[in-house]
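Note that the numbering used here has the sequence shown beginning at 418, numbered continuously upward.
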Amino acid sequence: QLAVYVGDFPGNAQLAKFDLAKLNLPERIPLSIPSELVRQRPDIRAAEAYIKSTNALVGVATANLLPQITLSGAMGSQALTTGALFGPNAAIWSVAGGVFQPLFQGGALLAQRRSALATYEAAVYQYQATVLNAFQEVANALQALESDALALRAASEAESNALEYLNLLEEQYKLGTGSYLAVLIAQRQYQQTKFRLIDVQASRFANTAALFAALGGGWWNRSGPAFQAQAGEQVGSPKQSN
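Here is the structure:
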């Protein structure tokens with residue numbers, strides 16, 4: 418799939434080699450964040466912009482209801498009465514252009530305004546749905562990271578204990594007081610705990626990337642009070658396995 422993205426055939430894909438120990442996460446990963454951080458998401462920004470544009474269209478449609486005439490002293494007071502201006506058959510002379518212009522084109526202008534209002538209301542509902550979806554994605558990512566933090570702590574302790582036990586059995590074997598079979602079993606147990614730690618670390622990388630995507634970008638390099646106030650508990654960087 419990566420090869421297709423860069424315009425090549427799938428069979429020509431060259432998978433990049435990487436070392437898990439060389440991958441770095443932000444020093445501190447939040448388990449709770451200010452809601453203002455979610456606003457930087459592209460879909461929320463787009464929804465906000467759409468609301469503004471539809472609101473502007475409502476303003477234009479409302480302004481179009483105003484009679485488009487040229488006022489001058491040549492008009493009599495009788496021509497500027499409410500009935501003359503807004504009656505169903507209202508029409509006046511434009512002194513500048515000398516054109517007989519209807520003030521309202523039937524119900525077309527009112528229909529346009531109703532349509533603009535409906536579009537605006539739909540944009541508001543779309544914005545609300547977008548925000549709720551964004552909050553759900555961020556909440557899911559934070560919940561996954563919280564679970565990763567507990568799993569990482571347990572896996573790290575298990576690996577450390579298994580390594581300590583393996584070193585003890587190896588020393589006993591060198592001194593002739595232990596069996597080689599016990600050393601082999603301890604080595605296997607240590608490798609299992611090491612693989613478990615790597616799995617947890619990989620899950621944490623993936624969930625951190627999911628949080629990054631859910632926020633529409635990073636949280637550690639933002640300026641302003643909302644971004645500086647990193648509320649809630651935070652988790653340190655994971656211990657890399659040897």
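The beta-carbon is built from N, C-alpha and C at its ideal position, and this holds for glycine as well.
Backbone secondary structure at residue i - three-state DSSP
{"i": "F663", "result": "Here the chain covers residues 418 to 659 and nothing more, so residue 663 does not appear."}
{"i": "P459", "result": "helix"}
{"i": "L592", "result": "coil"}
{"i": "G476", "result": "helix"}
Residue i - containing alpha helix (DSSP H), residue span
{"i": "N481", "result": "Run containing N481: none; DSSP gives neither H nor E here."}
{"i": "L632", "result": "597-632"}
Contact belief for residue i with residue j at Cβ below 8 Å, rounded distance in angstroms
{"i": "A572", "j": "V617", "result": "5 Å"}
{"i": "A464", "j": "Q543", "result": "6 Å"}
{"i": "A623", "j": "V555", "result": "About 15 Å separates the two Cβ atoms, so there is no contact after all."}
{"i": "L586", "j": "G593", "result": "At roughly 13 Å, the Cβ-Cβ gap does not stay under 8 Å, so L586 and G593 are not in contact."}
{"i": "V600", "j": "Y607", "result": "Not a contact, Cβ separation roughly 10 Å."}
9 Å Cβ cutoff met for residue i and residue j
{"i": "T471", "j": "T536", "result": "yes"}
{"i": "A627", "j": "A561", "result": "yes"}
{"i": "D460", "j": "A539", "result": "no"}
{"i": "V541", "j": "I468", "result": "yes"}
{"i": "I530", "j": "L482", "result": "Just to set this straight, residue 530 is Arg in the shown sequence, not Ile. Yes, Cβ-Cβ distance for R530 and L482 is below 9 Å."}
{"i": "L569", "j": "R621", "result": "yes"}
{"i": "L738", "j": "V455", "result": "With the chain represented from 418 up to 659, any question about residue 738 goes unanswered, as that position is not in the structure."}
{"i": "R462", "j": "G634", "result": "no"}
Status (buried if at least 16 other CB within 10 Å, exposed otherwise) for residue i
{"i": "L583", "result": "buried"}
{"i": "A603", "result": "buried"}
{"i": "V477", "result": "exposed"}
{"i": "D565", "result": "buried"}
{"i": "L567", "result": "exposed"}
{"i": "Y597", "result": "exposed"}
{"i": "R605", "result": "exposed"}
{"i": "L614", "result": "buried"}
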